[in-house]
Structure formats: C-alpha cells, structure tokens
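Residue numbering for the sequence shown follows our numbering, starting at 708 and increasing by one per position.
So the structure is just underneath, and the comments pick up after that.
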Amino acid sequence: MTEFHYATDADGVATITWDAPGRSMNVMSMTGFDELSAHIETALADEAVKGVVITSAKKDFAGGMDLNVLARLKDEAGDAPAQGLFDGIMKMHRILRRIERAGMDERNKGGKPVAAALPGTALGIGLEIPLACHRIFAADNASARIGLPEIKVGLFPGAGGTTRLARKLGAMGASPFLLEGKLSDPRQAKSAGLIDEVVDDPLAAARAWVLQAGDADIVKPWDQKGFRFPGGAPYHPSGFMTFTGASAMVNGRTQGVYPAAKALLSAVYEGALVDFDTALRIEARRFANILMNPSSTAMIRTLFINKEALEKGANRPEAPDQRVKKLGVLGAGMMGAGIAHVSARAGIEVVLIDADHAAAERGKAHAEAELDKAVSRKKTTAQEKDAVLARITATDDYAALEGSDLVIEAVFEDPRVKAEVTASAEAVVGADCIMATNTSTLPITELAGNSARPEQYIGIHFFSPVEKMMLLEIIRGEQTGDRAVAKALDFARQIGKTPIVVNDARFFYANRCIIPYINEGVRMLREGVTPALIENAARLAGMPLGPLQLTDEISIELGVHIARATRAAMSADYRDDDADEVLFWMADEGRMGRKAGAGFYVYDDKGKRAGLWGGLSARYPEAAEQPELREVQHRLLLAQVLEAVRALEDGVLMDVREGDVAAILGWGFAPWSGGPFSWIDMTGADRVVALCDDLARRHGGRFAAPDRLRDMARTGARFYPEDAARSDAA
Ligand code: NAD
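Here it is, written out as structure tokens:
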C-alpha cells in the first residue's frame, strides 16, 4: 500500500490517511482507488472498528483526479473505449457508494459512521470522496479551496459529485458549484452546505463524531423513504421552472459550444427523475460520453496537462535556481503598479520607481486598493495586507534598486524613455541582474541595444489587468541568454502565472493573432455584413467577445495608434488599409470605445453597453444579401488560426502547446477547441486547407493556407498525437 495508509486505535476508530508518495498534493490514481477500497473493506469487516475517518497527511486533502488516468482507461479498452470508460467510472461509483452505505442493511441499520477530515484544499475527486462520507469536517483555513472545478477543463464531476451535490443542495443551489466550478474557502463552503463543520482540529472532531454517531446520523436523505429532490424534481411545478431556467442560462452562457455543461445539466435532470443508484449510472454514461468528446479531450490537454507542464518549466533552459528575491519595477503606471502588487503578494521585495515620488506612491496606492478589496472579500487578512505593502518601496531614487536581481521596465511605450531608465537602473544594479521590458510593441532585440548586457535582457510581457490575466509572454531577443529565460520562468512560477517563451517578432505571439481577428470583424462591417451577425457569430463560435466589442474594450485610440505605427514600419507590405479606414473614421467621429462612452456600441450613463451604434449602417449600409453564419465564423476563427500557424512557421512560436495555452489564456480563443492548433487537429488539416482555398479565392490572400498546413493535409499529420494521455507536441 503506497497512497493510503490504514491505522486503528484503542477506541475503535480506523483512520485512512491519504499520502501520495513524492507529491506535495494528493492526486487520485487508479491504484489510489483500489487502496481506498481495500481499506474500507478492512474497516467494515473488522468488528473492533466502530467508525472510520478519511484524512490526509499533507497540508491539503487533495487537488483532484490525475486526468491522465481517464485517458488511460480509454486507451486500454481497445476497440471499446466508451465501454472501458463507463466500466472504470462505475467502479469508482461502487467504491464511493460502499463508503456511503458503510455496511447498512436495507432498513438503514448496522452501518459504520465514516467522516472526512479535510486539513486544507479539497478539489474535484478530493471533494467527491468527502461527499460520499457521512459528515465533512474542514480546518478553519482561509487559504483552502473547496469545490468541483471540472467544468473549467471541459468535464463535469463524474465520480458522484454531480448526483450527490444536486440532491444535497437542489439544482439551483448546486449550480454555481457544478456549472461554474465555483471554489469556496471552508467557511463559505459550510454556509453553502457543501461541508458540515469548520473546526480548528478536523481530525479530532471527526474522530469524536464517529464515536458518537448513531444509525440515524449516517443515512443520506436520498437513501431514506420519501426523499424529495430539494427545490423540486423536474415533474414538480417549481422544479420545472428551475430546470427550464437552468437550461436557458447554460445555453446563454456557453452559446451551446461546451458539451460538458449540457451533459452535466442532462445528468442532473435525468438523475432527478430516478432513484439514486440509477442516477449514478446516468451520470456515468454522460461522463463517459463527455470523455469521448474531442472538445473535452482538447480542453483537458491544453488547460490541464499542458498548462501545468508549462507552469512547471517544460521549456526552461538548464540553469541554477533563478527565483527572484528583490525586484525593481520602472514605471508605476497601470502595468508597473500591477506587477509590483502581484510580486509583493508572492513574497518578493519590490522597489517601484517613477519619475517623481508622488507618481511612485500612486502606483503603490493601487496595490493598497487591491489589497483592501481582498480583505473586504476575506481573500486575505489585514496583517497580510500590511506585510505585502511593507514589501513595496515606492520611490524616484534609482539607488534603491541596489541588490535587485530582476528589473522590469514598464514606462511609456517610447524607445528613448526606455533607453534612459534602463541606463539609470543598470548603473546601480549588480552585474548579475536581469533586465526585462514589458513593452507590447517594440522589438526586444532593438531595446536590448540600450542595455550594457544584451544577453541579460529579455521581454516579460504581462497582459492587462495584471492581477487577472494569467498569461506571461516571455520574449527572447536575438542575444538573450538562457539564464535570462530561466529567470523569467522562475519569476512566472513565483507569481503563479502561466508562461510561454517566444522569439522576437512584431507583436510577439498573442497580439499578433488578435489583431487579424479584430481587423476581419471590422472588414466585414465595411463590406456590409450586419454588425450583429459579426458579433453573434463570434460568440457562437466560442469567442468571449465579438471583434467590435473587443475593439471598444481595447479602445479605438489604441487601435489607431497601433495601425499607424505598424503601417509606418511595414510600408509597402502593409495590408490592413481597408480595416483602418473604419477605425480612423470612428476616431474622427470621436467614438473611441467603452472608456469614452461611445464606440461600435452605445453606452448608458453607467457605462453599460446598450446595443450597437445605429450610425454604423448609415456609413456602411447593410448588404441585401448576408453571408451564412458559418462563413462569418470561419473568417473570424481562421484569421487567428492562420496567424498562429504562421507564427509557428516563422519560428516565433516554438511549441504548439504554448500556442494553444497562450491563445486561451491570453485572448480567450474559443476555449472549447483547446486552442488554434487543437482546432486544426479537430477540424482536420485537409478540411482547413479546403476552407482556406475557398476563402482566399473570395476574400484575398490573407486566407492562403500556409505550407505547413498543406503538408499536413497531404500526409494526414496532426499537431498532437491522437490520444489525450500523451501531451507531447508532434
Ligand atoms: P502608463 O502610462 O499607465 O504608465 C507608464 C508609467 O511610466 C507612468 O506612471 C509614467 O509616469 C512612468 N514614466 C514615464 N517616464 C518615466 C521615466 N523617465 N522614469 C520613470 N517613470 C517614468 O502605461 P502602461 O499602460 O502601464 O504601459 C507601460 C508599458 O507596458 C508600455 O511599454 C506598454 O506598451 C506596456 N504594456 C501595456 C499594456 C496595457 O494594456 N496598458 C499591456 C502590456 C504591456
């Protein structure tokens, strides 16, 4: 036995302790399930055992299921993968159901109490096991996270969590946890009814409880006669209202492109019509079906397996530990203030510099305001806030940078200002210090020319807002050395961001792909495509914002600025004049986007969007014949996908895993697809090339299929191997 340990004491309490070897967090494997099952059987068979406590030897209970296990179940089932999955899932159900029934007879007598004692975080299967127990005790640990996040990687809770939570809280009560994957701290989890008690010592409390629990304490409501589904089952008038509303809500939120959300709702709906054991079988069928769905496979691969691999340094060059101890941030504006804040929160000492002291203090005040919000939402404590703020020194004195091992420059997007502050910083810091720039448009190789040590100069591109956006784009200039890359990657890990490493080129990777999306939307508007069709087509393809709304969010002013700069730099090669015409006209009309209160959309007094601006059709009359929805979607998606492939061909992108992860985290590329490269695999390279040929013929060379895609279409190659278990890029 390696993952779960078993011990009994003189009082008759059996303790089953989860302690996966060699891991800081417990993650469930198939062996783990077998061991848990064997220990439960031992406890139930031993007459000296009065009750059981399931706990963890680590600071947390568990982080979830090892998703590679699910992929393996499928692979090992040979010609019948769906059957293999179903059988594997039913095995999990049987084990958890055995815990829940705990030896009770049909009259609900004679069972042994089983309690869960959670020292910290309990996610996914780490909550599904406790939900099968009779009482859940959690430590009073504000940083612990409790919930079922499966929906976020294209799955739903498939080890009984869906069926148990829906029966415990009702469809409405369970929906934030099942449909949105909402995570709670222990106190919130208790008030929502996810767990039973928050105590200082959950193990002691659980032991005391199992010793005094009687028959009536351990029978689940759904195993009692006359059980009624909370809030009403679908055939009940109030239940009918809930389910009709939920169905509409899910479709509204997901635009119907996330199969897991639909399957989850179906499992709850159909499960509510039958007895508990049949409901578990329905859940298992729906879950197996989702695991067979290519969208779920792609989402798990990108958002779970590959994202984690990148965070753990999959592409980190060999170099000693480069964790940052003292960080200098130059420029305390929107980005610099955010960078200082997230770094100080990660325990790093920060010197935040601006042209004058007051500006630097304003940057620090941003951190204070964010921390105040976190305290009021109980996400942190007042002491922690003080400790974080004490780590930030706001100043205009470069001497304070002495001893910094990383400096990130985030001043105005002006090469001269950047050169000046880089020189001032380098005059103070030691020879080992790595210099980074947060520029979004200027070439790293050119900016490195301002540095005395270009091999120690690198791009670390944050996205706005810094606190929320999880992607960090790390850019190698021509001379950037491996230690600088390792430094940037170790820093990303410290502050909990997901990094990708790309080579230097105009707009790097993320912005390079998002600009063609915006331009394609704007182009269609100019051609007379109804603006609502453009926006809805994008949303129905799974993009979080339509191209026109996105332009309003980014601001038309910035769009115009970027267009002018790019046109100047590319001269005769520039191809976006048609789209620019629309942007320049909007700017002339004073419609600069959401912040200005007017853009492609109209905004009310409170800044809320109030529909598309009617003036668009006066300038760009809607064509009598409108394109098919599919055509609009293909244009919008291919504009991004083809740019991603070109970035790979150009060597800007070096790993398709990074291309997919960054696309979803950086600009929200249709997450259901797993990213642009997964989208191509799912669609089939031959079909993508056919689409390109057709669009190129009718709309121009920007849709011409890159050679790499043509080769793949010819040879039937893919970017990823066919199964999800192996995540290496081809
Ligand atoms: P900002 O205008 O909010 O902040 C720039 C700060 O630099 C200001 O506080 C200014 O006082 C300070 N500054 C200017 N000259 C200085 C000098 N000589 N010495 C010290 N401080 C000086 O700009 P921002 O949006 O934070 O952008 C900063 C950088 O980050 C730019 O390079 C930009 O391209 C990049 N960036 C911006 C975004 C974004 O969404 N805003 C996203 C990614 C990257």
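Beta carbons are placed, not taken as given, at the ideal position from N, Cα and C, and that holds for glycine.
As the structure is a prediction and not an experimental result, all values here were calculated from the model.
Through-space distance from residue j to residue i, alpha-carbon basis
i	j	result
F884	D1112	42 Å
A1431	P1150	Because the pLDDT at A1431 is just 43, under 50, the model does not fix this residue reliably, and the value given afterwards should be weighed accordingly. Roughly 36 Å separates the two Cα atoms.
R1084	E1356	46 Å
D741	W1374	42 Å
L1416	G1188	32 Å
N1243	L1255	11 Å
T709	L743	11 Å
R992	S954	20 Å
L886	T1273	42 Å
E748	T722	13 Å
T1422	C1140	48 Å
T724	H746	10 Å
I1261	K932	58 Å
A1134	A1143	15 Å
F1169	L1037	14 Å
Beta-carbon proximity of residue i to residue j, cut-off 7 Å
i	j	result
A1411	A1424	no
I836	G771	no
A845	V905	yes
A979	P928	no
A839	L803	yes
G818	A824	no
Q1186	A1155	yes
D1197	R1030	yes
P1413	R1353	yes
L1372	T1205	yes
I1007	L855	no
A1107	V1173	no
A1199	I1165	no
L1323	P1238	yes
I1207	A1026	no
V776	M732	no
Of the listed residues the options, nearest to residue i (C-alpha basis)
i	options	result
E1116	T1129, A1107, V1359 and P1122	T1129
G1045	Q1029, A1016, E1075 and A968	E1075
P1251	L1344, G1297 and G758	L1344
H1406	T1422, I1371, P1428 and R1282	R1282
L1336	L1240, Y1310, E1227 and A1305	L1240
V1118	L1179, H1168, G1040 and I1167	G1040
L1017	M948, G1366, D1280 and I747	G1366
D1285	H1268, L1232, S882 and Y965	L1232
V1363	G785, V964 and G1381	G1381
L862	W1386, G888 and F1384	G888
I1263	A1305, R1421, A1248 and E1227	A1305
P820	D908, I806 and L1360	I806
A1051	G1038, S731, N1013 and L1096	L1096
V957	S973, M1361 and G827	S973
A1377	S1002, I1060, P1334 and A1294	S1002
D1280	M1042, D1079, N1145 and R1409	R1409
I1225	E1234, G1203, A1067 and G1253	G1253
Sequence-distant residues of the same chain with beta carbon closer than 7 Å to residue i, five excluded per side
i	result
V975	T869, A873 and A878
Q1201	R1030, V1031, A1053 and I1055
Sequence-distant residues of the same chain with beta carbon closer than 6 Å to residue i, five excluded per side
i	result
E1077	H1048
L792	L780, K781, A995 and L998
P1024	D1189, V1192 and A1193
A1081	T1087
N815	V926
A842	The identity of residue 842 in the sequence shown is Arg, whereas the question assumes Ala. Cβ within range, chain order: A822, D903 and W916.
A714	T722
E1387	At residue 1387 the sequence reads Ile, which differs from the Glu that was named. Within the same chain, I1387 has close Cβ partners V1395.
Span of the alpha helix (DSSP H), counted from its first residue to its last, around residue i
i	result
L918	P909 to Q919
A752	M737 to A752
N1218	A1217 to E1234
V1352	L1336 to E1356
R992	F983 to L998
Extent of the continuous beta strand (DSSP E) run through residue i
i	result
R842	R842 to A846
M1142	I1141 to T1144
G1035	K1033 to L1037
A714	F711 to T715
M1316	Met is not the amino acid found at residue 1316; the sequence shown has Arg there. From DSSP, the beta strand (DSSP E) with R1316 extends over R1316 to L1319.
G758	G758 to S763
V1208	T1205 to N1210
Beta-carbon contacts of residue i that lie in its chain and below 8 Å, excluding the five residues immediately before and after
i	result
V720	V756, K757, G758, V759, V760, R914, V917 and L918
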